[in-house]
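Visitor: Letter 322 of the sequence shown, counting from 1, is numbered 323 in this note's numbering, and no numbers are missing. Ideal Cβ positions, reconstructed from N, Cα and C, are used throughout, including at glycine. None of these values were measured; they are calculated from a predicted model. Provided herewith is a single structure, encoded as structure tokens, for subsequent inquiry.
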Amino acid sequence: MNEDTIRLVTIGRILRRRWRLLAVLAVAGALFGYGTSVLVFPPRYTASAPVLLPGVWEERELLTQVDIATSRTVVDRTADALHWSDVSRSELRDRVSAKAGDGNIITISGTADTPERAQRLADGVAQQFVQFAAEVAGSAADASVVTRTEALRKQVAETNRRISELAKAADPGQTVESVQSRTALENLRTSLEAAMKKLQEADPSNSKSGMVVMGQAPRPTGEAPPTRTQLIVGGALVFFLLTVVGHLVAARMNRRLRTEPEIAAALGSTPLGVVDVPGEWPAHGPEDVVRGARIRRILGADSPWNVPALQKSGDEAGRRLRYRRVCARLREQLPAPRRLLVVVPDGDEIARRAAEQLLAEAKNDPVLRVVEVSVDRPIVPDRGTENGAVVVLSVNSRTAEELAGIAEACADGRHEVVGVVVAGPVQARPARSAADLPDDATLTFAVPGRATGGRA
2 MNEDTIRLVT IGRILRRRWR LLAVLAVAGA LFGYGTSVLV FPPRYTASAP
52 VLLPGVWEER ELLTQVDIAT SRTVVDRTAD ALHWSDVSRS ELRDRVSAKA
102 GDGNIITISG TADTPERAQR LADGVAQQFV QFAAEVAGSA ADASVVTRTE
152 ALRKQVAETN RRISELAKAA DPGQTVESVQ SRTALENLRT SLEAAMKKLQ
202 EADPSNSKSG MVVMGQAPRP TGEAPPTRTQ LIVGGALVFF LLTVVGHLVA
252 ARMNRRLRTE PEIAAALGST PLGVVDVPGE WPAHGPEDVV RGARIRRILG
302 ADSPWNVPAL QKSGDEAGRR LRYRRVCARL REQLPAPRRL LVVVPDGDEI
352 ARRAAEQLLA EAKNDPVLRV VEVSVDRPIV PDRGTENGAV VVLSVNSRTA
402 EELAGIAEAC ADGRHEVVGV VVAGPVQARP ARSAADLPDD ATLTFAVPGR
452 ATGGRA
């Protein structure tokens with residue numbers, strides 16, 4: 002899979018062959034999420050109280066009011082009113098937020114560990130915000146505004162007095178003097194109305210500071226995110242995805258050779274055939290065989306997921322026939338006496354069993370001597386009476402660099418690598434009777450165009 006594109010079939014193979022491991026790690030992720038919800042993110046509840054700002058407000062002014070609502074002064078006043086000994090002022094400031102909405106409404110939110118506390122916090126901050134805004138607006142009325150207000154009030158009182166005097170002196174008749182008097186009264190009334198309007202506009206109580214809390218904050222019925230359920234599901238999902246990604250990354254980094262031509266090319270030799278070994282895919286490396294084999298078997302991680310599934314082989318006679326064909330090719334390839342060194346990488350259980358079976362089927366023709374060599378520091382015995390060396394190894398077990406090291410070790414021992422035998426595990430079937438394939442059976446190769454028995 003080094004150069005293959007990641008496809009859905011690859012993901013499906015991981016899910017099919019590693020479902021037990023994925024399930025266990027997903028459960029571990031769920032437990033991790035639960036622990037996080039208890040220790041790091043305990044349950045929190047959020048309540049919101051709306052505050053109406055009458056009048057016309059610009060956007061920047063609304064943002065200023067939002068900052069005031071969450072300011073240190075307002076929150077500290079709320080903390081003094083609530084008297085919560087288990088929550089510090091700095092922590093309380095982190096639990097308060099505000100945002101401006103449509104219609105000049107500021108929504109103040111408070112977060113606490115219980116729904117009742119969240120409701121009290123939101124209502125308390127809203128009330129303290131309205132009081133503080135009123136105090137700020139009242140203190141902003143400077144001396145000039147107060148003086149002008151008093152002057153307007155005096156003007157109103159003087160106008161009322163003049164109207165009363167003229168009303169008493171006015172003649173109800175149609176003379177010129179009476180008409181002028183009534184006209185003067187109307188002018189005075191107009192002036193009085195204008196003065197009263199200005200006085201009302203100058204009154205600080207009618208300014209933008211008249212904010213109103215639009216009711217008590219509703220008590221929350223659910224937890225604020227992230228909830229415990231979200232953390233549990235998120236933990237399980239994260240662990241599941243990390244496991245899948247880890248398998249994909251490991252497969253991308255896996256440089257072990259899996260095909261017969263690749264293995265033969267790395268050793269600089271020719272393939273002699275593929276043989277079957279009944280059993281399962283072993284773990285690579287002797288230390289892996291010893292440690293955690295039972296746990297890997299329970300989790301379904303005791304065999305590679307990115308290699309073909311174990312195929313059902315033929316019976317015992319068919320498997321022996323494959324080994325005899327390898328021996329026949331060696332007899333055809335080498336002159337007598339045929340003595341060969343069978344090189345098996347250390348820790349490759351499948352290859353070791355294949356070499357033993359090959360030794361049993363050879364029946365001293367050719368004469369085989371099996372040796373196991375370390376892959377890290379391969380050392381092959383010096384050449385004696387051998388005609389060459391045969392390397393036996395399992396698929397997906399060694400990289401090209403490791404096989405090149407084995408080939409160099411054979412060359413240092415003056416052994417020519419005459420062939421490669423690739424072994425793969427298969428599912429065993431019941432063996433046929435010995436009469437089906439006797440031990441002294443002779444392999445006959447059919448020649449095209451020539452009859453092999455019976456009539457042509």
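So, using beta-carbon positions, are I109 and A70 closer together than 8 angstroms?
Guide: Cβ distance < 8 angstroms, so I109 and A70 count as in contact.
Visitor: Just the Cα atoms here: how many angstroms apart are D377 and A225?
Guide: Approximately 57 angstroms between the Cα atoms of the pair.
Visitor: Where E333 and Y324 are concerned, what is the direct C-alpha to C-alpha distance, given to the nearest angstrom?
Guide: Distance between the alpha carbons of E333 and Y324 is about 15 angstroms.
Visitor: What does T112 pair with, by DSSP beta-bridge criteria?
Guide: Answer is T47.
Visitor: Less than 8 angstroms between the beta carbons of V137 and V97, yes or no?
Guide: No, these two residues do not count as a Cβ contact at 8 angstroms.
Visitor: In the DSSP output, what is P367 paired with across the bridge?
Guide: Note: P367 sits in no beta bridge, so no partner.
Visitor: Within the region 301-355, note down every full beta strand (DSSP E) run reaching 3 residues or more, in order along the chain.
Guide: Counting whole runs of 3 or more residues, the region 301-355 contains the beta strand (DSSP E) stretches 340-346.
Visitor: For V422 and L322, what's the separation of their Cα atoms in angstroms?
Guide: One C-alpha to the other measures close to 14 angstroms.
Visitor: Which partner residues of S493 appear in the DSSP bridge assignment?
Guide: Past the boundaries of the shown model lies residue 493; the chain is included only from 2 to 457, so the question cannot be answered.
Visitor: Pick out whichever of R73, E60, P44 and A31 has its Cα sitting closest to the Cα of N105.
Guide: Ranking R73, E60, P44 and A31 by Cα distance to N105 puts E60 first.
Visitor: Report back the beta-carbon spacing between V393 and V343 to the nearest angstrom; my notes put them in contact at under 8 angstroms.
Guide: With 8 angstroms as the limit, V393 and V343 qualify as a contact, their Cβ atoms being about 6 angstroms apart.
Visitor: Since A101 sits in a beta bridge, which residues does DSSP pair it with?
Guide: In DSSP, A101 forms a bridge with I107.
Visitor: With a CB to CB cut of under 6 angstroms and the five nearest residues on each side skipped, what residues in its chain are close to V469?
Guide: With the chain covering only 2 through 457, there is no way to say anything about residue 469.
Visitor: Can you give me the Cβ contacts of R163 inside the same chain, cut-off strictly under 8 angstroms, excluding the 5 residues immediately before and after it?
Guide: Here the set comprises L189.
Visitor: My output table needs one value for T71: the three-state DSSP class, helix, strand or coil.
Guide: If DSSP states are grouped into helix, strand and coil, T71 belongs with coil.
Visitor: Using C-beta distances below 6 angstroms, list every residue in its chain close to A101, excluding the 5 sequence neighbours before and after it, in chain order.
Guide: The residues are L63, V67 and I107.
Visitor: What are the start and end residues of the beta strand (DSSP E) that includes P262?
Guide: Counting along the chain, P262 falls outside any beta strand (DSSP E), though it belongs to the alpha helix (DSSP H) covering E261 to L268.
Visitor: Go through its chain and collect everything with a Cβ distance to A24's Cβ below 7 angstroms, but skip five positions before and after it.
Guide: Result list for A24: empty, nothing under 7 angstroms.
Visitor: Give me, in chain order, the residues of the same chain whose beta-carbon lies closer than 7 angstroms to that of G385; leave out the 5 immediate sequence neighbours on both sides.
Guide: Nothing listed; no residue qualifies.
Visitor: Short of 6 angstroms in beta carbon distance, which residues of its chain neighbour T400, apart from the five on each side in sequence? Order them along the chain.
Guide: Same-chain partners within the cutoff: R256 and R257.
Visitor: Taking C-beta to C-beta, are F42 and L243 nearer than 8 angstroms?
Guide: Cβ distance not < 8 angstroms, so F42 and L243 don't count as in contact.
Visitor: Rounded to a whole number of angstroms, what is the C-alpha to C-alpha distance between L331 and S270?
Guide: Roughly 13 angstroms separates the two Cα atoms.
Visitor: Specify whether the region 348-362 and the region 401-420 touch according to this definition: at least 3 beta carbon pairs, one from each stretch, less than 8 angstroms apart.
Guide: As far as the Cβ criterion goes, the region 348-362 does not touch the region 401-420, which means the pair count is below three.
Visitor: Going by DSSP, what residues sit across from T400 in a beta bridge?
Guide: Per DSSP, R257.
Visitor: Suppose you measure from the CA of Y1 to the CA of F241; what does that come to, to the nearest Å?
Guide: There is simply no residue 1 to check, as the chain begins at 2 and stops at 457 in what is shown.
Visitor: How far does the beta strand (DSSP E) with S86 in it extend, from its first residue to its last?
Guide: Per DSSP, S86 belongs to no beta strand (DSSP E) and is neither H nor E.
Visitor: Which residue's Cα is closest to the Cα of C328: F133, E317, D366 and V180?
Guide: Minimum Cα distance to C328 is reached at D366.
Visitor: Check the C-beta distance from L93 over to A80 and give it rounded, since I have them as a contact under 8 angstroms.
Guide: So it is a contact: roughly 5 angstroms between Cβ atoms.
Visitor: Since L53 sits in a beta bridge, which residues does DSSP pair it with?
Guide: Bridge partners of L53: I106 and V213.
Visitor: So A48 and A218 are in contact, right, with Cβ under 8 angstroms, and what is the actual spacing, rounded?
Guide: Yes, they are in contact, since the Cβ atoms of A48 and A218 sit about 4 angstroms apart, within 8 angstroms.
Visitor: Does the beta-carbon distance from V381 to V374 come in below 8 angstroms?
Guide: Yes, these two residues count as a Cβ contact at 8 angstroms.
Visitor: What does DSSP give as the partner residue(s) for E373 in the beta ladder?
Guide: E373 is bridged to V345.
Visitor: The beta strand (DSSP E) with G274 in it runs from where to where?
Guide: Per DSSP, G274 belongs to the beta strand (DSSP E) from P272 to P279.
Visitor: Would you decide whether I15 is buried or exposed? Buried here means 16 or more other CB atoms lie within 10 Å of its CB.
Guide: Buried.
Visitor: Using the beta-carbon count (16 or more within 10 Å), is D95 buried or exposed?
Guide: Flag for D95 reads exposed.
Visitor: In terms of residue numbering, what span does the beta strand (DSSP E) encompassing A424 cover?
Guide: Counting along the chain, the beta strand (DSSP E) containing A424 begins and ends at V418 to V427.
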